[in-house]
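Numbering (the working numbering), first residue to last: 11 to 69.
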């Protein structure tokens, strides 16, 4: 099923922001929470994270 690029980008940003906000949790727990929230498989969430790595600014 084809998805609109805007929708995919919005989902990608949401996943990245959620991971950044919950850095203190284990990645497996974060992915499980995202899977429940977005109705996506864990594999899809890992693919989103691998396609566009999160760059964190170091102060």
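For each residue, glycine too, the CB sits at the ideal point set by N, CA and C.
Item to check | Contact set for residue 55: own chain, Cβ-Cβ below 8 Å, skip 5 residues either direction | outcome: Counting from 1 along the chain shown, the entry for residue 55 is found at position 45. So the list reads 25, 41, 44, 45 and 48, once near-sequence residues are dropped.
Next on the checklist: residue 61 and residue 22 - do their beta-carbons sit closer together than 9 Å?
Outcome noted: For this step, residue 22 is matched to residue 12 along the chain shown. For this step, residue 61 is matched to residue 51 along the chain shown. Cβ distance < 9 Å, so residue 22 and residue 61 count as in contact.
Next on the checklist: Is the beta carbon of residue 17 closer than 9 Å to that of residue 64?
Outcome noted: Within the chain shown, numbered from 1, the residue matching residue 64 stands at position 54. Within the chain shown, numbered from 1, the residue matching residue 17 stands at position 7. No, they are not a contact pair.
Checklist entry - What is the residue span of the alpha helix (DSSP H) that residue 62 lies within? => result Numbered from 1 along the chain shown, position 52 holds the residue referred to as residue 62. No alpha helix (DSSP H) contains residue 62, which DSSP labels as neither H nor E.
Checklist entry - For the alpha helix (DSSP H) that residue 45 lies in, which residues bound it at each end? => result Taking the first residue of the chain shown as 1, we reach residue 45 at position 35. Start and end: 37 to 48.
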